[in-house]
Amino acid sequence: MSDKGIGASSKRREDVRFLSGNGKYTDDINVRGQKYVHFLRSDVAHGKINGIDTGEAASMPGVAGIFTGADFAEVGGLPCGWQVTDRFGEAMKEPAHPVLAQGKVRHVGDPIAAVVADSLEQARDAAEAIDVDMEELPAVMDMKSAVAGGTLVHDELETNLCYDWGFVEENKDAVDEAIKNAHHVTTLELVNNRLVPNAMEPRVAIGDYDASNDESTLYTTSQNPHVIRLLMGAFVLQIPEHKLRVVAPDVGGGFGSKIFHYAEEAFCTLAARKLKVPVKWTASRSEAFISDAHGRDHVTKIELALDEKGMFQAVRTDTYANMGAYLSTFSTSVPTWLHGTLMAGNYKTPLIYVNVKAVFTNTVPVDAYRGAGRPEATFQLERVIDKAARELGMDPIEIRRKNFIQKEEFPYATPVALEYDTGDYVATMDKLQEIADLDGFEARASESRQKGLLRGLGINCYIEACGIAPSNLVGMLGARAGLYESATVRVNATGSITVMTGCHSHGQSHETTFPQVIADMIGISEDQVHIQHGDTSNTPMGMGTYGSRSIAVGGAAMVRATEKIIAKAKKIAAHLMEASAEDIELKDGSFSVVGTDKSVGWGDVCLTAYVPHNYPLDQLEPGLEETAFYDPANFTYPAGAYACEVEVDPETGKVDICSFAATDDFGNVINPMVVDGQVHGGIAQGVGQALREHAVYNEDGQLVSGTFMDYSMPRADDLPSFVVDHSCQTPCTHNPLGVKGCGEAGAIGSPPAVVNAVLDALNKGGYNVSHIDMPLSPSRVWSAING
Amino acid sequence: MYDFALQRPQSLNEAIEALSVEGAQALAGGQTMIPTLKNRLASPDVLVSIGGISELQGVSETDGTVSIKAGTTHGVVAATVESYPALASLAGNIGDPAVRNRGTIGGSLANNDPSACYPAAALASNASITTNKRTISASDFFMGLFETSLDEGELITQVDFPVPDAANYQKFDQPASRFALVGVFVAKYGNDVRVAVTGASEDGVFRWSEAESALAGNFSSSAIDGLEVDPESMIEDIHGSRSYRANLVKVMTKRAVAAC
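Top line first, the protein sequences correspond to chains A and B. Numbering-wise, the working numbering puts 768 at position 768 of the first sequence, and it's gapless, one number per residue. Take the position in the second sequence, starting the count at 1, then add 1000; the result is the number in the working numbering.
This is the structure we're talking about:
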């Protein structure tokens, strides 16, 4: 392992400011003269607004303006970024998504009005004085009955079904036939529980308007400021890009929830223009629960057909996917292209058919959350495999091994449209069995029994499609955006480098890892490289950070730009040494003429570029700055195998995680320490989903688990020290760094391991329980044990 | 929060005086009060902070009694009480360090949250709760959810716990809040055994008299085996059904006895 550059565990340079309290988050920004906004949000799930009286509120102290839906009737609604086409060739149903409610509210938290005042408390006081004449309507909550008919979330759509998607539709009959004739079919019905993202930093938006130049600035907690500028500027407020700047400074975690364009961003930008004062909104935690897009929320039936040897013959899966009340930015792609395409997993199942019905309900919109579709695919597949193994009396590792795609079979085309470029699932499973000490399980189980506890072991594999994504492909699939990434590499006159990237770092450590790549390519020290991101005014157009794409796509763009830099620098060096550029070699920050002792340093070449006294000006521009856009040729396919050991207390149903081991193949690894951290965080979130987290709505559409008093987040003392390994590396074949991405793996791979472990413990303990829906809270486990 | 006036009396008498005004509300450690205010669920005109009153601070242990002044924080109780380890341990497992460094025993008892820990200790120990007016036996103090026998403007000043021969508190955490989903405090005084249960009942903290009788004759966890808790009056919510809580009452009681 190297001590610098690619492969080094360089310490996170951003931690110096984060850990010393010097991070600059959006809420740390205060614009002179700013006023504060408070949103009056619906406290009912579904209702018709017969009137809004703002008269008394408008006259209250400090109030600068009150806005209702009427003030936004002329601007566009929040756009959905992905159009899904249904089984019958029809476009999905796409309802309006207003900034402020237009005549109807559709979920608890839906913004009805907004008050802008001198202080936040004044804004809240005034909001309480707004009189809303609301006619409450029945709440549409259960997806299956919502599809069957009854009350409509959007009257104009005449249905609550957004789309009925089939994939691959041409395979449907063959899959049905294979399942009908199979030796054995294992069926599992399950719920993938709805989650609240709960980034540590709640969302914030500040709109600022410079009337003298007609320029708007939005400071916002975003994972992708360029995307927000495009969506909000072009589709909502009609502000051209050169008059709109979007800044996402330090962001305290996103996990997907800060990808999307939210109403509050458009509101603050427009209110600042109308009032000609800066307008600031900071979400409270309670507000975050009912306004940040939620994650998951699938109800699924999966069937796995096997032959007498346990070979997978076919998979058929039917899912109801909750869209919530409106289509959030990428909501429609999550249960389809990020979910259905992953149903082959790590296995050679020849026939697969996926049906997804996306449904509107009176709940907060649901969109991508760490893993986005891939955790839902992995969970159902790895759970049904475990159930099949138990039904057939097979070992859960052996049944997986015998169905693995083998190393020599790559590139491997799955029946669900993906082509995996590379992988070695046998090697990752071998490594897992080693690091998890699976041979010692029986001895540990015996110790647990002496304490009156049931010990279980859960195993699963996962694959994900990351490095999102080839633009031409996703365009065919309905994406309304390209998914390339960009980088400008600016070499300064004395040789230091500033990289401007379209990616955004909100926990991913770009400021540390991106310099490692450039330092490696040029042979300078990492501290000579600075990463700039998050401001549309000084970074090239890029699509941002999600889908484990930053290093695989953004890093690749940076490599391409750096290659251009090196090519030009070689020409300058050739001129200085009176040699041919083809004969110049760059090593350890020094250019030399091959076969001679002539050399010139990196710094001298850079200075020459900017002080071009002795310079081939007739052939070469001065300066040293290059931009590259990189559009990937394929997804990347990180894969791995996870093992979880639990102890279950049969008297209380409490589950303790004793150990968790993860082997991941991320291809090449830039910074092993950072990758460890990403996996740790992902596993913590996956364990949270498996055991604790649950956004629970009652039948009236009230979010019952709407605070941390009832929404259970995983804490450090709930988790063991993880054992993680990423030494099994099959480098990606189509990007210049051979990297695959690591941000989501832990959250994708861990929930089935935990659930499989609990069920293993119960069954080994003599309790015949085939499934428990997440979260496996003590009461649910106890109820399963006690019938 | 809504606007309010803040008063910081330096003596008990000043505090009582301040609280006699209409619309005045006492503020002890604020671990319930402050979130309530921030959510605009309370609107006192005057908040009377009693945190600065030195005569409400401190722990003393004499002749088989632990006396805790009402303004003493959980953290101090956890760190200083020596003769009643089950009580110190209970205090040391309330909330997190921030809560323990602010929250007070008087505030907790006066609030009588049905999932709080201290009411179980007070009831199982038959603690004496002294106010500026009188002394109330714990058996007469807790009147149901968030209800106590305190009058308007009456302040708890001190709580006296008789030290038992043996005691243990078993708390099963509600997964999110880490309040007691069910907490059982068992205290043994000679042949007299008291079992107080928090977190479980819709009527707040209660004594499980069947368990007390069974344990008086046979102080071992097996004495509980044949008993059942009636689920009827148990709390039911997303963290557990009535039956589940009834089961936890039994399991936690057995574990508390076994740990005594």
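We treat Cβ as the ideally placed atom computed from N, Cα and C, and that holds for glycine.
Leaving aside the five residues that flank Ala641 of chain A on each side, the residues in its chain whose CB is nearer than 6 angstroms to its CB run, in chain order, Thr428, Met429, Leu432, Cys461 and Thr663. Taking CB atoms only, Gly1240 of chain B has a neighbour in chain A less than 7 angstroms away.
For Arg692 of chain A, the neighbours in chain B by C-beta distance under 7 angstroms run, in chain order, Pro1175. Note: Gln1007 of chain B is bridge-paired with B:Val1048 in the DSSP secondary-structure output. Cβ neighbours of Thr282 of chain A within its own chain (closer than 6 angstroms, five residues either side excluded): Asp27 and Val204. Annotation: Cβ neighbours of Tyr711 of chain A in chain B (cutoff 9 angstroms, chain order): Ala1176. Nearest in C-alpha terms to Gly207 of chain A, of all of A:Gly393, A:Met200 and A:Thr217, is A:Thr217. The beta carbon of Leu617 of chain A lies closer than 8 angstroms to none in the same chain, with the five residues before and after it left out.
Separation of Thr707 of chain A and Gly601 of chain A (C-alpha to C-alpha, rounded to the nearest whole angstrom) is 59 angstroms. Gln380 of chain A carries a helical assignment under DSSP once its states are collapsed to helix, strand and coil. For Thr1135 of chain B, the number of other beta carbons within 10 angstroms of its own is below 16, and it is reported as exposed. About 6 angstroms separates the beta carbon of Ser1241 of chain B from that of Ser779 of chain A, a gap short enough to meet the 8 angstroms contact definition. Apart from sequence neighbours up to five positions away, the residues of its chain that approach Val147 of chain A with a beta-carbon distance below 7 angstroms are Asn160, Leu161, Lys357 and Val359, ordered along the chain. For Tyr462 of chain A, the pairing in a beta bridge is given by DSSP as A:Gly640. Within chain B, not a single residue places a beta-carbon under 9 angstroms from that of Glu699 of chain A; the smallest gap is close to 13 angstroms. Within the region 558-644 of chain A, the runs of alpha helix (DSSP H) that reach at least 4 residues and sit entirely inside it are, in chain order, 602-610.
Under the Cβ criterion (8 angstroms, minimum of three pairs), the region 286-293 of chain A does not count as touching the region 219-229 of chain A. About 7 angstroms separates the beta carbon of Val648 of chain A from that of Gly456 of chain A, a gap short enough to meet the 8 angstroms contact definition.
For Thr282 of chain A, the nearest beta carbon of chain B is not closer than 7 angstroms to its own beta carbon.
Here Val517 of chain A carries a helix assignment [DSSP, helix/strand/coil]. From the beta-carbon of Thr652 of chain A, the residues of chain B found nearer than 7 angstroms are Phe1172, Leu1248 and Val1251. Listed along the chain, the chain A residues whose CB falls inside 8 angstroms of the CB of Tyr1118 of chain B amount to none; the nearest CB is some 18 angstroms away. Distance from the Cα of Gly766 of chain A is smallest, within the candidate group A:Pro751, A:Val251, A:Ile748 and A:Asn786, for A:Asn786. DSSP places Leu342 of chain A in no beta strand (DSSP E); its state is neither H nor E. Leaving aside the five residues that flank Ala445 of chain A on each side, the residues in its chain whose CB is nearer than 6 angstroms to its CB run, in chain order, Arg455.
Judged by DSSP secondary structure, Lys1250 of chain B falls within the alpha helix (DSSP H) whose first and last residues are Arg1242 to Ala1259.
With fewer than 16 other CB atoms across the displayed protein chains lying within 10 angstroms of its CB, Ser537 of chain A is exposed. In this structure, A:Leu270 is the residue among A:Thr186, A:Leu270, A:Ser257 and A:Glu264 with its C-alpha nearest to the C-alpha of Glu215 of chain A.
Taking 4 residues as the minimum length, the alpha helix (DSSP H) runs contained wholly in the region 270-314 of chain A are 285-291, in order along the chain. As far as DSSP is concerned, Trp337 of chain A takes part in no beta bridge. Taken atom to atom, the span from the alpha-carbon of Leu237 of chain A to that of Phe72 of chain A is near 10 angstroms.
Here Tyr767 of chain A carries a coil assignment [DSSP, helix/strand/coil]. In this structure Thr730 of chain A is in contact with Asp665 of chain A, their Cβ atoms being roughly 6 angstroms apart against a cut-off of 8 angstroms.
The beta-bridge partner set that DSSP reports for Val529 of chain A consists of A:Ile497.
Under the 8 angstroms Cβ criterion, the region 113-130 of chain A counts as touching the region 56-63 of chain A, having at least three qualifying pairs. In terms of beta-carbon proximity, Val696 of chain A lines the interface with chain B, with at least one pair separated by less than 7 angstroms.
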